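**Student:** If you're matching positions, the sequence shown starts at 248 in the working numbering and goes up one per residue.
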Amino acid sequence: MIEQPIVATVMLFSLLALGEVISIYTRARIPMLMTAMIGFLLLTWTGVFPENILELSTLPALGAILIGPIIIHMGTLMPLSILKKQWRAVVISLSGLLGALLLVLLIVPAVFDFETAASGVGPISGGVVALLITTEKLTELGMTGIIVIPVLIAAFQTPIGMPLISFFLKRYASHFVGTTEATAEEIDAQNEEEKTVRFNLLKNNIILLFALFVLAAAATVLSEWTGIHYTLFCLLFGILMLNGRLFPQGVLEKSNSFSFMMVALIFVIIGTMGGITPQDVINNIPAVLLILLCGISGLGIGGLIASKLVGWHPFKGMPIAFTALVGFPGDYIICEEVSRSTTDNQVDEKRVFNEIVIPMLIGGFVTVTVASIVVASFVMGML
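1) Could you spell out the range, first to last residue, of the alpha helix (DSSP H) harbouring residue 464?
2) Starting from residue 478 and walking both ways along the alpha helix (DSSP H), at which residues does that stretch end?
3) Where does residue 257 land, buried or exposed, given buried means 16+ other C-beta within 10 angstroms?
4) In its own chain, which residues sit with a C-beta less than 8 Å from the C-beta of residue 558, not counting the 5 before and 5 after it?
5) Could you check whether residue 581 and residue 325 sit closer than 9 Å to each other, using their CB atoms as the reference points?
6) Going by Cα to Cα distance, which pick from 552, 554, 319, 360 is closest to residue 490?
7) Whole angstroms are fine: how far does the CA of residue 356 sit from the CA of residue 629?
8) Once you ignore the five residues that flank residue 440 on each side, which residues in its own chain have a CB closer than 8 Å to its CB?
9) So, residue 396 versus residue 372, is the Cβ gap smaller than 9 Å?
10) Restricting to Cα atoms, I'd like to know which of 521, 416, 342 is closest to residue 203.
11) Distance, Cα to Cα, residue 481 vs residue 470?
12) Looking at the unbroken alpha helix (DSSP H) that takes in residue 292, where does it start and where does it end?
13) Three or more C-beta pairs under 8 Å: does that hold for the region 446-460 against the region 414-423?
14) Residue 579: buried (16+ other C-beta within 10 angstroms of its C-beta) or exposed?
15) Return the chain-ordered list of same chain residues with a C-beta closer than 6 Å to the C-beta of residue 548, the five sequence neighbours on each side being excluded.
16) Between the C-alpha atoms of residue 589 and residue 622, what's the straight-line distance to the nearest angstrom?
17) Can you give me the C-alpha to C-alpha distance between residue 552 and residue 342, rounded to a whole angstrom?
18) If you compare alpha carbons, which of 322, 386, 250 is closest to residue 488?
19) Distance check for residue 333 and residue 384, CA to CA, integer angstroms please.
20) Which of the three DSSP states is assigned to residue 259 in this structure?
21) With the cut-off set at 9 Å, would you say residue 398 and residue 595 are in Cβ contact?
22) Just to check my reading of the structure: residue 564 and residue 339 have Cβ atoms closer than 8 Å, yes? What is that Cβ distance to the nearest angstrom?
23) Can you look up residue 296 in the DSSP assignment and give me helix, strand or coil?
24) By Cβ distance, which residues of its chain are closer than 7 Å to residue 534, with the 5 residues on each side in sequence left out?
25) According to DSSP, is residue 213 helix, strand or coil?
26) Hey, residue 510 and residue 575 are a contact pair by Cβ (cut 8 Å); roughly how many whole angstroms apart?
27) Between the Cα of residue 447 and the Cα atoms of 567, 532, 279, 493, which residue gives the shortest distance?
28) Cβ of residue 310 within 9 Å of Cβ of residue 467?
29) For residue 219, name the three-state secondary structure that DSSP assigns.
30) Applying the 10 Å Cβ sphere with the 16-neighbour rule, what's the burial state of residue 268?
31) Please classify residue 477 as buried or exposed, where buried requires at least 16 other C-beta atoms within 10 Å of its C-beta.
32) Measuring CA to CA, which of 263, 250, 278, 252 is closest to residue 584?
33) Should residue 327 and residue 486 be called a contact, given that it needs their Cβ atoms to be closer than 9 Å?
34) Grouping DSSP H, G and I as helix and E and B as strand, with all else coil, what is residue 440?
35) On the three-state DSSP scale, how would you describe residue 560?
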């Protein structure tokens, strides 16, 4: 029975639904994605889920091609009036990475060795590409015994990072709602959502989605030509299309497609836990825990210092540094959960969401998409 794609999909979907219920009743203390990822791992280990359940579902295959369109959608959440102020988010995210890099490379070699420390730097700075750079270099050097360390770090940093980010963001959201009121600037930014697109054809959902996928395909081609990660082109396209009034704000929500696409993408994220065995965890847990402890502490310290330097509340700035642990779509999901759980009306919910989502997304793109690749390439080049 489970071989049927619809049955496998429902079993996976049940993890997301359970995660949403737990998130709602715990007021985002336990984020949905954390429940889904840990639940998938435990159910796979105990044999409740077959090892090939993701293949049986087939939905993750769709999710893999939806990353580009969803990131374009994220770009359409960023009016220029707000985006131009986000240099602070860039400073904070880079400062956090520097703190993580220093602590991992100073402390871990004293307990284990430099190779073990280097194997964890790429993943702790975020991103699949950084993980690939790390594992390829370790394979090339014949260090197959420690390849599982970066894989385990990449798998477990998201379930650890999400409640940590949620903890700080919830406190900042309460502070923000309690100490501020909607400004004229915020009202203007929200009103930009009501601006109509230039061409009536782009109000048609099918044509709108077609244009979205064309841009995602163009971003992929440009990435092959330039070597720049395609997600950066997708983000740029989304920003340009919104501010050029060619796409509405929140384009996938306007085309009634966002929730389904996010579910498919979350299935892909859950799949990163696949292939990890209990024996892998037992054999490497000391090194993994130390790297995670040093990395997370470094991110927090760097984010705290930078937040004070740029004049942002630490509870707003530190989660931006922690986006290296989560990346997209986890950062976006947390913003939704926090804004929903810390407010009691739609006006404040939207204010909180708008306040935290753009710096969180910018921080995530800086760490996961750009800086992590540079960090991983530099450190692995030292081996």
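Using N, Cα and C, we set each Cβ at its ideal position, and we do this for glycine too.
All values derive from a computational prediction rather than experimental measurement.
**Tutor:** The relevant details are as follows:
1) Sequence index remark: in the sequence shown, residue 464 carries index 217 (1-based). Start and end: 452-473.
2) Locating residue 478 in the sequence shown gives position 231, where the first residue counts as 1. Unbroken alpha helix (DSSP H) run through residue 478: 477-490.
3) Working through the sequence shown from its first residue, we reach residue 257 at position 10. Exposed: under 16 other Cβ atoms inside 10 Å.
4) As a working mapping, residue 558 is identified with position 311 in the sequence shown. Excluding residues within five positions, the ones whose Cβ falls inside 8 Å are 335.
5) For this step, residue 325 is matched to residue 78 along the sequence shown. For this step, residue 581 is matched to residue 334 along the sequence shown. Contact flag unset, no.
6) The sequence position of residue 490 within the sequence shown is 243, counting from 1. Checked all of 552, 554, 319, 360; the closest Cα to residue 490 is 319.
7) For the purposes of this step, residue 629 is taken as the residue at position 382 of the sequence shown. For the purposes of this step, residue 356 is taken as the residue at position 109 of the sequence shown. Distance between the alpha carbons of residue 629 and residue 356: 14 Å.
8) As a first step, residue 440 is located in the sequence shown; it is residue number 193 there, counting from the start. Here residue 440 scores only 49 on pLDDT, less than 50, and its place in the model should not be relied on; the value that follows carries that caveat. Counting only Cβ-Cβ distances below 8 Å, and skipping sequence neighbours, we find 495, 496, 497.
9) Counting from 1 along the sequence shown, the entry for residue 396 is found at position 149. Counting from 1 along the sequence shown, the entry for residue 372 is found at position 125. Not in contact: residue 396 and residue 372 (Cβ atoms no closer than 9 Å).
10) The requested residue 203 is not part of the displayed model; the chain covers only 248 to 630.
11) If you number the sequence shown from 1, residue 481 lands on position 234. If you number the sequence shown from 1, residue 470 lands on position 223. Cα to Cα, the separation comes out at about 10 Å.
12) Start at 1 with the first residue of the sequence shown, and residue 292 comes out as number 45. Counting along the chain, the alpha helix (DSSP H) containing residue 292 begins and ends at 279-292.
13) no
14) Taking the sequence shown and counting its residues from 1, one reaches residue 579 at position 332. Burial call: buried.
15) Within the sequence shown, the letter at position 301 stands for residue 548. Excluding sequence neighbours, residue 548 sits near 346.
16) Position 342 of the sequence shown, counted from the start, is the residue given in the question as residue 589. Position 375 of the sequence shown, counted from the start, is the residue given in the question as residue 622. Approximately 36 Å between the Cα atoms of the pair.
17) Counting from one through the sequence shown, the residue named residue 552 turns up at place 305. Counting from one through the sequence shown, the residue named residue 342 turns up at place 95. If I take the Cα positions, the gap works out to 8 Å.
18) The residue you call residue 488 lines up with position 241 of the sequence shown. Answer by Cα proximity: 322.
19) Residue mapping note: residue 384 aligns to position 137 of the sequence shown, counting from 1. Residue mapping note: residue 333 aligns to position 86 of the sequence shown, counting from 1. Whole-angstrom Cα-Cα distance: 34 Å.
20) Taking the first residue of the sequence shown as 1, we reach residue 259 at position 12. Helix at residue 259.
21) Along the sequence shown, one-based indexing puts residue 398 at 151. Along the sequence shown, one-based indexing puts residue 595 at 348. No, they are not a contact pair.
22) Position 317 of the sequence shown, counted from the first residue, corresponds to residue 564. Position 92 of the sequence shown, counted from the first residue, corresponds to residue 339. Contact flag correct, Cβ pair sits at about 5 Å.
23) Locating residue 296 in the sequence shown gives position 49, counting from the first residue. Coil.
24) Position 287 of the sequence shown holds residue 534. Excluding residues within five positions, the ones whose Cβ falls inside 7 Å are 359, 363, 396.
25) The structure shown has nothing for residue 213, since the chain only spans 248 to 630.
26) Position 263 of the sequence shown holds residue 510. Position 328 of the sequence shown holds residue 575. So it is not a contact: roughly 15 Å between Cβ atoms.
27) What you label residue 447 is simply residue 200 of the sequence shown in a count that begins at 1. When only C-alpha atoms are compared, the closest one is 493.
28) Numbered from its first residue, the sequence shown carries residue 310 at position 63. Numbered from its first residue, the sequence shown carries residue 467 at position 220. No.
29) Any question about residue 219 goes unanswered here, given that the chain covers just 248 to 630.
30) Locating residue 268 in the sequence shown gives position 21, counting from the first residue. Under this definition residue 268 is an exposed residue.
31) Here residue 477 corresponds to residue number 230 of the sequence shown, with the count starting at 1. Result: buried.
32) In the sequence shown, the residue the question calls residue 584 occupies position 337. The option with the nearest alpha carbon to residue 584 is 278.
33) Here residue 327 corresponds to residue number 80 of the sequence shown, with the count starting at 1. Here residue 486 corresponds to residue number 239 of the sequence shown, with the count starting at 1. In this structure, residue 486 lies closer than 9 Å to residue 327 by Cβ.
34) Locating residue 440 in the sequence shown gives position 193, where the first residue counts as 1. Low per-residue confidence applies at residue 440: pLDDT is 49, beneath 50, and the placement is therefore not dependable enough to give any value.
35) Locating residue 560 in the sequence shown gives position 313, counting from the first residue. DSSP places residue 560 in coil when its eight states are reduced to three.
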